[in-house]
Every structure is written in C-alpha cells, then in structure tokens.
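Number of protein chains: 2
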Amino acid sequence: MKKHIYIFSPSSAVRDKAAFKRGVLRLKTLGYDVEIDEAALASYQRFAGDDETRLAAIARAAASGADVALISRGGYGLTRILPQINYKAIDKAVSKGMRFVGLSDFTALQNALLAKTGAVTWAGPAVGEDFGTEGQPDDIMEACFDDLITGQGEGTGWRLPKVATKSIAANAYPATAESRLNINNAVLWGGNLAVLSSLVGTPYLPAVKGGILFLEEVHEHPYRLERMLTQLLHAGVLAQQKAVVLGQFTNYKLVPHDKGFKLATVVQWLQNRIKAPVLSGLPFGHVPTKVVLPVGKKVTLAVEERDAFLLWGHSH
Amino acid sequence: MKKHIYIFSPSSAVRDKAAFKRGVLRLKTLGYDVEIDEAALASYQRFAGDDETRLAAIARAAASGADVALISRGGYGLTRILPQINYKAIDKAVSKGMRFVGLSDFTALQNALLAKTGAVTWAGPAVGEDFGTEGQPDDIMEACFDDLITGQGEGTGWRLPKVATKSIAANAYPATAESRLNINNAVLWGGNLAVLSSLVGTPYLPAVKGGILFLEEVHEHPYRLERMLTQLLHAGVLAQQKAVVLGQFTNYKLVPHDKGFKLATVVQWLQNRIKAPVLSGLPFGHVPTKVVLPVGKKVTLAVEERDAFLLWGHSH
Numbered sequence: 003m004k005k006h007i008y009i010f011s012p013s014s015a016v017r018d019k020a021a022f023k024r025g026v027l028r029l030k031t032l033g034y035d036v037e038i039d040e041a042a043l044a045s046y047q048r049f050a051g052d053d054e055t056r057l058a059a060i061a062r063a064a065a066s067g068a069d070v071a072l073i074s075r076g077g078y079g080l081t082r083i084l085p086q087i088n089y090k091a092i093d094k095a096v097s098k099g100m101r102f103v104g105l106s107d108f109t110a111l112q113n114a115l116l117a118k119t120g121a122v123t124w125a126g127p128a129v130g131e132d133f134g135t136e137g138q139p140d141d142i143m144e145a146c147f148d149d150l151i152t153g154q155g156e157g158t159g160w161r162l163p164k165v166a167t168k169s170i171a172a173n174a175y176p177a178t179a180e181s182r183l184n185i186n187n188a189v190l191w192g193g194n195l196a197v198l199s200s201l202v203g204t205p206y207l208p209a210v211k212g213g214i215l216f217l218e219e220v221h222e223h224p225y226r227l228e229r230m231l232t233q234l235l236h237a238g239v240l241a242q243q244k245a246v247v248l249g250q251f252t253n254y255k256l257v258p259h260d261k262g263f264k265l266a267t268v269v270q271w272l273q274n275r276i277k278a279p280v281l282s283g284l285p286f287g288h289v290p291t292k293v294v295l296p297v298g299k300k301v302t303l304a305v306e307e308r309d310a311f312l313l314w315g316h317s318h
Numbered sequence: 003m004k005k006h007i008y009i010f011s012p013s014s015a016v017r018d019k020a021a022f023k024r025g026v027l028r029l030k031t032l033g034y035d036v037e038i039d040e041a042a043l044a045s046y047q048r049f050a051g052d053d054e055t056r057l058a059a060i061a062r063a064a065a066s067g068a069d070v071a072l073i074s075r076g077g078y079g080l081t082r083i084l085p086q087i088n089y090k091a092i093d094k095a096v097s098k099g100m101r102f103v104g105l106s107d108f109t110a111l112q113n114a115l116l117a118k119t120g121a122v123t124w125a126g127p128a129v130g131e132d133f134g135t136e137g138q139p140d141d142i143m144e145a146c147f148d149d150l151i152t153g154q155g156e157g158t159g160w161r162l163p164k165v166a167t168k169s170i171a172a173n174a175y176p177a178t179a180e181s182r183l184n185i186n187n188a189v190l191w192g193g194n195l196a197v198l199s200s201l202v203g204t205p206y207l208p209a210v211k212g213g214i215l216f217l218e219e220v221h222e223h224p225y226r227l228e229r230m231l232t233q234l235l236h237a238g239v240l241a242q243q244k245a246v247v248l249g250q251f252t253n254y255k256l257v258p259h260d261k262g263f264k265l266a267t268v269v270q271w272l273q274n275r276i277k278a279p280v281l282s283g284l285p286f287g288h289v290p291t292k293v294v295l296p297v298g299k300k301v302t303l304a305v306e307e308r309d310a311f312l313l314w315g316h317s318h
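Protein chains in written order, with this note's numbering: chain A, 3 to 318; chain G, 3 to 318.
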C-alpha cells in the first residue's frame, strides 16, 4: 500500500509555486500518495494564510490520518501562534503513528509540542526546497525520508571534521576502548538556532536534561550565532546537555572587520564554555543533503575516531 | 568645574577612528574634561580587545570617578562577558553619582546591572556615531546629554504618531480629565530589542513588574522584530508592564513578499496582544536625535492628546 503524505503550510506563504509543484510531482514519482491541504497555497501578508487559517491547517494535518505530515516550506509564522496550537491533537496523531516532518520555522512547533506533550516529530526536508529543487533532489535526503516513512530508519552517521575530533579529545569525555564517545538514552532535540533561542524563557522550550541538542542556521553571521548560543548558555540550557551537535551553518557573509572572528571561533568558544562535547558536521540544515532526525526521541550518540552516529533504533 | 567624561569600549572595536577623534574633540569643545580609557581603541577580532581587556576597561570606567562613563560605540561583545562583569563595582560608582551612558549592545550591561543590583544607568549617545558625526551633532542629543551630566534633566517629551493615540483610546486605559494616560512610579527599562530579547530566560533580564519597557532596533526586518517581541510576550514579560514605549526602528528593508506586513502591522499586532498601551515615536534609537533615558529609574509616563512625557524628576 502506498504511503500517505499530507502537505500543509504552517509558516510562510509558498512563493515559488513551480518548486512546490515539482516537489509534489517528485513525491508522487517516488511512489507516495500525496494529499495537499486546502490552504497549502494560501497567502496573507508574509504568511500562508492568517493565523486562524494556519492553525486550521495544522489541525487538518493532525486529523488527516497520513503516514507523514510534511511542511511545504519554513519561513516565519509559527512562534506567534504557539499559544493557540492544539498540541493534544498532534500528540494523538503521533501516538497513532503519524510523523510530522519539517525544519527551520517548524522548529517552533516541534519543540513546543515536545515541551507540552513529549511527542516525537522529525526534523527533515520540506516540499519545495528539497523535493522541488530544479535539479535532481538529493539522494541521501530522499533515502532518509523513505526510510522514515517506511519505518526502516534506525539512525544516521556522518564524518566529523577534524576540529571536532580534537575538541572531543581535549574534552577528556569518558571514552571506551572501542569508541571515544558513547552516550545512551539521551533525548535528541533542537533544530534551527534562531527559532530555538527565541523560545528560551517561554513555556515552549522543552526542559530537556541530559539531552543531545542539535542546531543549524542559515543567513546568520557568526557573531549573531554566538549571541543566540550565549542565550542558551546563560539560561543554563547547554549545561544540562550531554552533547551539542552542530549541523550546517550556511549562507552568511564574513566582513573585513571580523578580523579572524569566524564560525570556527564561535564553535571553539562554545566548547570552552561547556563540559559536554561539541560535535560538528551533522548533515542537517538549509542544505540539500539532510538526514531526518527525531526531535524528542531517546538516542545513542557514538563517536569512533572521526565517525559519528546518532542511533534511535526502529521508529515503530 | 568641568564635568569629567570617561570614554571606554566595552563592545565592538572602534573602526572609524576619525569619527572617534571628532567625537572626543566635540566633547572637549562642549566644555567637558575628557579622559580616554587606555583600551578604548584596542582591537581583537571584532571586539575592542579580548574579553579580559574589555572587562578591565569596564572596571577602570567604574573606578574613574568621572561624572559620566560614556561608550565609544555599541556593536557586539557584552552578552558573552555578562557573567564576569563586576556589577558591585559599577553599582558603587553609580551610588557615588557616576552615570553610565550608552546604547545598543550596552543594553546588555545596563539591564544585567539592573537585574543584579538595581543600579540606574542611562540610555543615550555614543562617542563616535553621535558626537563624532561628520556634520554638526544633533542639538537635542547634545542638550539632553548636557542636562544629564549637569543634573538638570527632569524628563523628556515627544509627539505621538496618530496611530499610537488611537491605540490608547481603543485600549480604554484609565484616563483622567486632564490626561489620557498617567502612570506613576513605574520602573523604566529596556533598550535594544535584539539584545534585550537575548537576555530572556537568563539571570541578566531584570524582573521588572509594573514597569515601562522602551525598545529600539536597527537593521531588523519587522518579522524579526515580531519574533523578538513574541519571546518577550510568551515569557510573560510584556504582561507585567504598565506600558511599552517604542523608539525608532530603522534601516530595515521591506520586500515584495511582505505584502503589507510592515512595522505598523507588528505594532498593532503587539497592541492586540497586551492590555498595556503601546506608544510609539520615542526619540531614541539608532538615529541622530536621541534623548537620554534612565534605565532602572522610577518614572511617570503621561499622555495628553498626542503629547507624551516621561518624567523622572531631578537625577540628583
């Protein structure tokens, strides 16, 4: 039986309708049964419909009975409607096996849901940017998505950049003979750094202790990334994590007066301020090659030399 | 006797040294005795010296015995050193009559100091951008600064834009026959919105109840301003204020897909979400004409038709 995907728009309006159509076609070509929410292409100011329209779209996605509820795109629009979202309805859908998939602005819903109900959602692709790209969609992205929708995915692995391996060593984190790092039963959570840091101090930030926090960002200068990380640091969030895993931080511009202040500076600064290891290179963010990651699920993080693994077992 | 100004650099490196020199000269021309911190022109990466250098500069400013400790410029650099700042030393200097003056990134120190000690500092100009401008410095800015340093300032007034007056009326805020709005004994606090929202959930955000929150920002699109305001809203900060006073929000670019989403949209959205009145037009921000405002001082906010006043009496 074909897997059922419900596409909805909880954030910004779909502007690139050609990419959206290509994405829908691609998903159908991949063998999925695709259902499009009635307001998926709605538009009000910057948003995919006014607040009520988008809240109704989220509710319809939760009630759709689909295998996957997939966002059309990110952008902006969820933080302002967080108090009105029916988290119980989403929790109920998730408990019946539905997987909510998205990224960027969707980070707000994912973490608010985790805070309110503990329900697991998935950081992963969006229709337009990922499946609707003008060229061939990324094959790793598609394989990870298919593993998720068919329940085959058990984890993900990636190659650490050299600097990250050094950080672990310098950190003297408990290591076994087989692996330099092995953290079990830790809740994986996080997403977009700007969105996540905007939840600090609100009821929508999950109180995850002993977790693994993953972060990504786009279009933000390293000094702004550092300010966001500083908020998580000063709020005590980072001290409560067993690891911080950095995804892709892309499309920002350094300027001459940075004078050596760059992303690596911020990563090293962060590592110097927390005991937990800071790993880099996670293939997730505003980039074509993105894995899927369970937000709110207990995972194992293992590092052996420069090979890192996030393992969550069968998602069924 | 000449009033004594101590210039220091707690944030970004001074890049425009010509503007800095013009600013120093202008302050001398205005009759002040100007002392320049030894690290005022220090440079490390983006910063006016490394963290230790800037912490030492802040300590020297507090120990200088000057009438005013004035920042060279804002930028970025204070949030990351908030845990290391000696707030007691600044509090002691303030209690002896020293006024710390600055804006933008300085918001971090000002509000952290308020949170830690209750000491009052002043939102006001910086050396380079305000006194060191290529043309004639703004005369209102200079008059307000002189009132502050000589202890003559008792408040400030401005003309509300029409939309703000409507908001008050719609809000049915307690009004007397003489004035539409009269709030007494409310702690004025705030500053730069991005910096202030980055303090939410940390020990450096003052727990001001029944206060008057003023905000300004530069280079931030209205949707980002809304996300920052949303953090203050969801954290419960806005519900605890008796008024929100918006200064100048400047130098952002709207885009075609905003489709009517603009600064006024955000202001109205904010007013719809809080009971307290949201006033606009305060002459403070990244603009030439800026008043000085006491951060942490009890003030009276009065509005009569379109005339708004923030009054704090003699600062001695």
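Beta carbons are placed, not taken as given, at the ideal position from N, Cα and C, and that holds for glycine.
For clarity, every value in this text was computed on a predicted model and none was experimentally measured.
- Contact check between the stretch 255 to 269 of chain G and the stretch 291 to 307 of chain G: fewer than three CB pairs, one atom from each, fall below 8 Å, which does not count as touching.
- Look at residue 89/G here: in three-state DSSP terms it is helix.
- Restricting attention to 81/A, 70/A and 251/A, the CA atom closest to the CA of residue 232/G is found in 81/A.
- DSSP places residue 47/A in the coil class of the three-state scheme, outside both helix and strand.
- According to the DSSP assignment, residue 286/A belongs to no alpha helix (DSSP H), since it is labelled neither H nor E.
- Shown in chain order are the members of the stretch 187 to 206 of chain A whose Cβ falls below 9 Å from a Cβ of chain G: 196, 197, 199, 200, 201, 202, 203, 204, 205 and 206.
- Closest in C-alpha terms to residue 93/G, from the list 61/G, 279/G, 241/G and 8/G, comes 61/G.
- With a threshold of 16 other beta carbon atoms within 10 Å, residue 164/A falls short and is exposed.
- Residue pairing by DSSP places residue 14/A opposite 49/A in a beta bridge.
- CA-to-CA, the gap between residue 236/A and residue 84/A works out to about 24 Å.
- The contact set of residue 267/G on chain A, defined by CB atoms closer than 8 Å, consists of 47 in chain order.
- Beyond the five residues adjoining it in sequence on each side, residue 160/A comes within less than 7 Å, by CB distance, of 283, 284, 285 and 310 in the same chain, given in chain order.
- Excluding the 5 residues flanking it on each side, residue 58/G has no same chain C-beta neighbour closer than 6 Å.
- Checking the DSSP bridge columns, you'll see residue 6/G partnered with 35/G.
- Chain order gives the chain G residues near residue 233/A as 81, 199, 200, 201, 202, 203 and 204, where near means a beta carbon separation below 9 Å.
- Taking 7 Å as the cut-off, the Cβ atoms of residue 215/G and residue 192/G count as close.
- Taking all protein chains in view, the Cβ of residue 29/A is crowded by 16 or more other Cβ atoms within 10 Å, so the residue is classified as buried.
- Taking the beta carbon of residue 228/G as reference, the chain A residues within 7 Å of it are 82, listed in sequence order.
- Residue-level contact by beta carbon holds for residue 259/A and chain G, with a gap shorter than 7 Å.
- Nearest to residue 51/A by C-alpha distance, out of 89/A, 96/A, 22/A and 10/A, is 10/A.
- Rounded to whole angstroms, the Cβ separation of residue 312/A and residue 190/A is 7 Å, and the two are in contact under 8 Å.
- Interface annotation, residue 75/A: not in contact with chain G, CB-CB separation never under 7 Å.
- A contact is defined here as three or more CB-CB pairs under 8 Å, and the stretch 275 to 282 of chain A fails this definition with respect to the stretch 112 to 119 of chain A.
- In the assembly as shown, residue 68/G is a buried residue. Its beta-carbon has 16 or more other beta-carbons within 10 Å.
- When Cβ-Cβ separations below 7 Å define contact, residue 17/A makes contact with chain G.
- Under the DSSP definition of a beta bridge, residue 310/A partners with 160/A and 305/A.
- The DSSP-derived three-state label of residue 272/A is helix.
- When the five nearest sequence neighbours on each side are left out, the beta carbons in the same chain lying within less than 6 Å of the beta carbon of residue 25/A are those of 129, 130, 133 and 134, in order along the chain.
- DSSP, read as helix, strand or coil, puts residue 218/G in strand.
- Taking a Cβ-Cβ cut-off of 7 Å, the neighbours of residue 237/G in chain A comprise 203 and 204, given in sequence order.
- For residue 258/G, the three-state secondary structure derived from DSSP is helix.
- A distance below 7 Å separates the beta carbons of residue 219/A and residue 195/A.
- Comparing alpha carbon positions, the residue from 224/G, 288/G and 239/G closest to residue 48/A is 224/G.
- Chain-order list of chain G residues neighbouring residue 263/A: 47 and 48, by C-beta distance under 7 Å.
- Interface with chain A (7 Å Cβ-Cβ cutoff): residue 89/G is excluded.
- Proximity to residue 147/A across 291/A, 306/A and 308/A peaks at 291/A, based on C-alpha coordinates.
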